[in-house]
Amino acid sequence: MAVVIKLDHISVAFDGQTAISDLSLSVAPHEILVLVGESGGGKTTILRTISGLVQPTSGTITVNGLALNAANLRQIRLNMGYVLQQISLFPNMTIGQNLTLLPEIKHQPKKPTQQLIQTLMAAAQLPLAYLSQYPSELSGGEQQRVGIIRAFLGRPALILMDEPFSALDPVSREQLQDLTLAIHQRFHTTILFVTHDMNEALKMGQRIGVVKAGQFLQLGTPDDLVRRPSDPYVQTLFKGSEARKTDNIYIRRLLLADYGQSQPYPDLPMVTVAGDTTLGACYAHLAAQQQLAITQNGQILGYLDSTSVWRFLAAKAQD
Amino acid sequence: MSSTGFIHFFTANAKFFNALGQHIYLTLIALILAIVIAIPLAVFARNHPKFANVALSGTSILQTIPSLAVLGILIPLVGIGSTPAIIALVLYGILPIYSNTYTALTTIDPNLEEAAEVFGLTKWQRLVRIELPLAKANILTGIKTATVLIIGTATLAALIGAGGLGTFILLGIDRNDSTLTLIGAVGSALLAVGFSWLITQFGHLKAKGMLVATGAALVLLGVGLAAPKIYSATQPEKIIIAGKMGSEPEILINMYRDLILAQDKNVQVTLKPNFGKTSFLFSALKNKQIDIYPEFTGTVLEDLLPQSAQQLNNKSAGAIYQLARRQLAQKDQLAYLKPMAYNNTYTLVTTKANAHAHHLRTISDLQPVVPPVRSGFDLEFMNRQDGYLGLAKKYQLTLHNTDLDPDLRYQALVAGQVQLTDGYATDAQIRQYHLVTLRDDQQFFPIYQGAPLMTQTFARQHPVIVRQLNRLAGKITAADMQTLNYQVTVKKISAAKVAKTYLQAHGLLRK
Chain C
15 MAVVIKLDHI SVAFDGQTAI SDLSLSVAPH EILVLVGESG GGKTTILRTI
65 SGLVQPTSGT ITVNGLALNA ANLRQIRLNM GYVLQQISLF PNMTIGQNLT
115 LLPEIKHQPK KPTQQLIQTL MAAAQLPLAY LSQYPSELSG GEQQRVGIIR
165 AFLGRPALIL MDEPFSALDP VSREQLQDLT LAIHQRFHTT ILFVTHDMNE
215 ALKMGQRIGV VKAGQFLQLG TPDDLVRRPS DPYVQTLFKG SEARKTDNIY
265 IRRLLLADYG QSQPYPDLPM VTVAGDTTLG ACYAHLAAQQ QLAITQNGQI
315 LGYLDSTSVW RFLAAKAQD
Chain Z
2 MSSTGFIHFF TANAKFFNAL GQHIYLTLIA LILAIVIAIP LAVFARNHPK
52 FANVALSGTS ILQTIPSLAV LGILIPLVGI GSTPAIIALV LYGILPIYSN
102 TYTALTTIDP NLEEAAEVFG LTKWQRLVRI ELPLAKANIL TGIKTATVLI
152 IGTATLAALI GAGGLGTFIL LGIDRNDSTL TLIGAVGSAL LAVGFSWLIT
202 QFGHLKAKGM LVATGAALVL LGVGLAAPKI YSATQPEKII IAGKMGSEPE
252 ILINMYRDLI LAQDKNVQVT LKPNFGKTSF LFSALKNKQI DIYPEFTGTV
302 LEDLLPQSAQ QLNNKSAGAI YQLARRQLAQ KDQLAYLKPM AYNNTYTLVT
352 TKANAHAHHL RTISDLQPVV PPVRSGFDLE FMNRQDGYLG LAKKYQLTLH
402 NTDLDPDLRY QALVAGQVQL TDGYATDAQI RQYHLVTLRD DQQFFPIYQG
452 APLMTQTFAR QHPVIVRQLN RLAGKITAAD MQTLNYQVTV KKISAAKVAK
502 TYLQAHGLLR K
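Chains C and Z, in that order, give the protein sequences.
Numbering-wise, the first sequence is residues 15 to 333 according to our numbering.
Numbering-wise, the second sequence is residues 2 to 512 according to our numbering.
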């Protein structure tokens with residue numbers, strides 16, 4: 015079986031303190047593998063070890079079939095995308111220059127790169143006029159979208175993402191999660207994704223590794239982790255997040271899933287609610303026998319009553 | 002400031018632009034060298050913290066050494082002219098560029114540094130594409146600071162014969178002409194403003210534009226450097242005649258040029274007026290950076306080849322000249338041609354009315370005057386053994402004395418505030434205010450006669466030049482020289498014109 019990343023009995027220590035102890039991992043091509051856990055657990059260190067920023071004290075690492083050592087380091091890095099938690103666009107370059115920097119260094123042909131930029135900018139809903147602007151002229155969410163496009167643009171076999179969305183507001187975070195998944199659908203790039211947000215892990219991961227004290231507590235599919243937790247810690251981690259997750263769903267999602275209708279319900283008092291209001295925030299209205307008019311950008315998307323919401327919750331509980 | 006001063010400036014603006022050109026040349030070369038040294042130094046220091054500290058203290062110490070001292074240290078090592086000036090200016094320019102570049106490079110967001118590393122950029126790519134562009138604004142600020150510093154310090158280059166706007170400042174101080182000083186000072190200030198503006202514009206350019214602009218500046222500089230050399234290669238032999246600060250040496254070297262060119266058409270004569278102080282000229286001559294300069298017999302014996310006082314006492318002008326000539330020939334293989342007539346030594350000056358009222362013709366005549374004459378002397382003259390201290394002992398004088406600023410002596414005398422002052426025998430003011438000098442009848446003051454000084458080798462190779470310059474021997478009296486100085490410093494006639502007119506009037510040059 016082909017393997018993009020192979021960690022073989024890796025240990026890392028800082029000043030004698032163990033950060034990672036005897037950890038092994040294989041990441042398959044096209045896979046999105048999420049490392050989740052509390053901060054200080056070692057998940058970011060795993061990423062930094064793979065990118066060559068941290069030297070393992072023992073064990074071997076293979077990336078794309080190349081052993082990670084000083085001789086191969088640059089070649090490995092050039093074939094690896096990286097998205098950091100801090101927005102790391104270079105402020106001295108325009109968005110366009112930031113995007114073309116790596117393709118230029120890798121001597122990729124210009125025309126396909128330009129076409130790819132246009133495609134990805136459109137997918138990220140960024141106007142092409144941004145290409146000639148500087149990072150400081152864009153919002154944080156927009157900048158991180160550019161950061162994601164930049165990582166994919168070099169067509170690397172592997173992208174490392176280190177808590178890429180944790181500094182963003184919930185709306186931007188969700189948009190960027192969707193963007194990343196959409197681009198992954200297209201290129202099937204292998205992604206190793208680090209987060210401390212269990213909701214994000216469940217949404218993004220094809221496999222999820224729960225990291226604690228430099229070791230995997232459990233490594234499996236989201237279903238495995240939620241239904242068959244190997245450890246009480248894992249169980250509480252995902253139980254709580256599942257419950258919270260339903261309440262945090264944006265109300266407009268119910269319309270998209272056809273739970274509402276496009277005409278108002280007769281004889282019910284109406285209250286107007288923005289599309290990105292969470293479900294939890296709407297319960298009070300529904301309890302007061304009101305129907306919800308869901309709006310976005312000043313337009314009414316559709317209507318929901320309490321029966322339609324109950325139907326959604328019932329289907330969710332079946333899952 | 003006088004309106005004639007401005008007229009003088011505009012008639013002499015060729016000189017101004019020449020000095021401005023020299024100033025820009027010194028600044029540009031020093032600036033480019035400082036940048037080329039300081040930025041790589043900072044880039045290296047960034048990854049070597051120990052070295053960074055040493056370099057920072059080193060460059061800071063350089064900054065604290067007074068510029069005059071730096072020049073003084075450099076002269077024995079590299080001589081005079083633009084080389085020591087440029088070295089000193091580069092030393093001053095390094096610190097601001099180095100410290101700004103170093104600070105900018107070490108304060109880049111570590112997150113960006115890490116991103117660039119993980120993206121697989123090489124060290125060089127990181128430096129050129131990320132780090133230097135991020136540090137650009139700070140580096141340019143450092144370069145601006147360095148430029149202003151260099152332009153200001155470059156005014157001192159005039160002291161060691163490197164030219165520049167400082168020439169105007171020194172000349173202005175020397176001639177007590179505030180207009181000239183102002184021209185030099187305002188000129189260099191405007192130059193600093195102009196350079197700052199250019200650097201700001203440069204900072205707005207894109208990377209390609211920066212390369213083009215730098216290239217263009219280097220090409221221009223190269224052309225500016227090479228052109229005179231290519232030009233001179235096809236030209237006849239070049240002879241450089243230099244003179245000390247002031248109008249009198251400038252008039253003399255113009256005479257030298259006219260006399261040489263009258264007989265020898267195969268040479269090209271370059272004049273370097275206001276070239277600096279005695280010791281600079283003397284070492285420049287020995288190092289063959291200049292070929293001829295006029296020097297005084299008294300200066301040779303007092304300053305250049307110090308003698309015991311007794312040896313000089315009561316010697317005739319001729320004996321003093323012979324002593325100086327022999328010493329120069331033996332010690333330094335220099336040829337000292339025959340001196341002119343005038344003796345530019347200290348003298349005591351009074352008005353015609355005073356001289357008439359108290360029957361004053363010689364210094365001895367002062368002694369019987371009762372009550373004693375009210376005199377005003379320059380502080381330095383008053384406290385020198387070869388000035389008033391020795392004079393009073395020799396002539397047994399008791400004068401009613403006050404000290405005066407040298408610039409105000411003549412005004413005080415003319416206004417009647419004092420009846421007697423000290424001066425030099427060829428001062429223009431003596432002619433200007435029709436004053437009387439008292440004869441040194443007991444030969445107290447040392448004798449200062451001017452004569453051309455050159456190397457013996459040069460004299461042997463140029464017999465025609467030696468013959469022509471010797472035609473000035475015994476010519477030009479003190480009264481003549483007062484008039485010539487008066488025409489240049491007060492009447493603002495060019496030294497070249499004054500020199501030519503004198504030579505023609507005295508049959509030394511055909512009309």
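Quick reminder that beta carbons are idealized off the backbone N, C-alpha and C, glycines included.
Nearest neighbour of residue i, chosen from the options [CA to CA]
i	options	result
PRO43 (chain C)	C:VAL18, C:ILE60 and C:LEU49	C:VAL18
LYS124 (chain C)	C:GLY168, C:GLN157 and C:LEU195	C:GLY168
ASN19 (chain Z)	Z:GLU132, Z:GLY188, Z:LEU78 and Z:VAL71	Z:GLY188
GLN438 (chain Z)	Z:THR279, Z:LEU367 and Z:LEU510	Residue identity differs from the one stated: residue 438 (chain Z) is Thr in this sequence, not Gln. For the residues Z:THR279, Z:LEU367 and Z:LEU510, the minimum Cα distance to THR438 (chain Z) belongs to Z:LEU367.
ASN384 (chain Z)	Z:LEU405, Z:PHE203 and Z:ILE241	Z:LEU405
GLY373 (chain Z)	Z:ASN402, Z:GLN505, Z:ARG362 and Z:ALA356	This sequence places Pro at residue 373 (chain Z); Gly is not what is there. Selected option, being the one with the closest Cα: Z:ASN402.
HIS513 (chain Z)	Z:ARG440, Z:ARG432, Z:ASN345 and Z:GLY391	It is not possible to answer for residue 513 (chain Z), since the shown part of chain Z is limited to 2 through 512.
PHE445 (chain Z)	Z:THR300, Z:ASP333 and Z:SER365	Z:SER365
Residue environment, residue i, which counts as buried when at least 16 other CB atoms sit within 10 Å
i	result
PRO283 (chain C)	exposed
TYR297 (chain C)	exposed
TYR232 (chain Z)	For TYR232 (chain Z), the pLDDT reaches just 46, beneath the cut-off of 50, and the residue's location in the model is therefore unreliable, leaving the point undetermined.
PRO243 (chain C)	buried
HIS202 (chain C)	exposed
ARG266 (chain C)	buried
ASN267 (chain Z)	exposed
ASP428 (chain Z)	buried
THR321 (chain C)	exposed
PHE1 (chain Z)	Because chain Z here runs from 2 to 512, residue 1 (chain Z) falls outside it and cannot be looked at.
GLY244 (chain Z)	buried
ARG62 (chain C)	buried
VAL185 (chain C)	exposed
Nearest-angstrom Cα separation, counted from residue j out to residue i
i	j	result
SER65 (chain C)	ARG91 (chain C)	7 Å
LYS1 (chain Z)	VAL370 (chain Z)	An answer regarding residue 1 (chain Z) cannot be provided, because it is not within the stretch 2 to 512 covered by chain Z.
ALA27 (chain C)	GLY56 (chain C)	11 Å
LEU400 (chain Z)	ALA163 (chain Z)	44 Å
ARG258 (chain Z)	THR271 (chain Z)	8 Å
ALA234 (chain Z)	GLN269 (chain Z)	For ALA234 (chain Z), the predicted structure reports a pLDDT of 44, less than 50, and the residue's modelled location is therefore unreliable. The matter cannot be settled from this model.
ILE40 (chain Z)	ASN48 (chain Z)	13 Å
LYS1 (chain Z)	PRO126 (chain C)	The structure shown does not extend to residue 1 (chain Z), since chain Z spans only 2 to 512, so no value can be given for it.
MET94 (chain C)	ILE34 (chain C)	22 Å
GLN313 (chain C)	THR286 (chain C)	11 Å
ALA89 (chain Z)	SER284 (chain Z)	19 Å
LEU262 (chain Z)	ASN275 (chain Z)	21 Å
LEU231 (chain C)	VAL225 (chain C)	6 Å
SER179 (chain Z)	GLY185 (chain Z)	10 Å
ILE46 (chain C)	PRO236 (chain C)	12 Å
GLN505 (chain Z)	LEU473 (chain Z)	13 Å
ALA471 (chain Z)	PHE297 (chain Z)	Per the sequence shown, residue 471 (chain Z) should be read as Asn rather than Ala. ASN471 (chain Z) and PHE297 (chain Z): Cα-Cα distance of roughly 15 Å.
THR71 (chain C)	ASP22 (chain C)	12 Å
GLN290 (chain Z)	PRO464 (chain Z)	20 Å
ASP304 (chain Z)	PHE203 (chain Z)	50 Å
THR104 (chain Z)	LEU92 (chain Z)	19 Å
LEU42 (chain Z)	PRO134 (chain Z)	17 Å
PRO453 (chain Z)	LEU63 (chain Z)	39 Å
Short CB-CB distance (under 9 Å) between residue i and chain A
i	result
ARG130 (chain Z)	Among the protein chains in the structure shown, which are C and Z, there is no chain A.
Residues bridged to residue i [DSSP beta-bridge criterion]
i	result
ASN402 (chain Z)	Z:SER376
GLN277 (chain C)	According to DSSP, GLN277 (chain C) bridges with nothing at all.
PRO105 (chain C)	Bridge partners of PRO105 (chain C): none, in fact.
LEU453 (chain Z)	Per the sequence shown, the amino acid found at residue 453 (chain Z) is Pro instead of Leu. PRO453 (chain Z) pairs with Z:PRO295.
ASN355 (chain Z)	None; ASN355 (chain Z) has no bridge partner.
Residues in the stretch 95 to 127 of chain Z with C-beta within 9 Å of chain C's C-beta atoms, listed in sequence order? ASP110, ASN112, LEU113, GLU115, ALA116, ALA117, GLU118, VAL119, PHE120, GLY121, LEU122, THR123 and GLN126
By the 9 Å beta-carbon criterion, what residues does the stretch 85 to 97 of chain C contribute toward chain Z? LEU87, ARG88, GLN89, ILE90, ARG91, LEU92, ASN93, MET94, GLY95 and TYR96
When Cβ atoms are compared, which residues of the stretch 132 to 161 of chain Z fall closer than 7 Å to chain C? PRO134 and LEU135
Residues of the stretch 106 to 118 of chain C in Cβ contact with chain Z at a cutoff of 8 Å, in chain order, please. ASN106, MET107, LEU115 and LEU116
Which residues, in chain order, does the stretch 155 to 189 of chain C contribute to contact with chain Z at a C-beta distance below 7 Å? none
Would you list, in chain order, the members of the stretch 213 to 244 of chain C that have their beta-carbon closer than 9 Å to a beta-carbon of chain Z? none
Contact list for the stretch 48 to 65 of chain C against chain Z, Cβ threshold 7 Å: SER65
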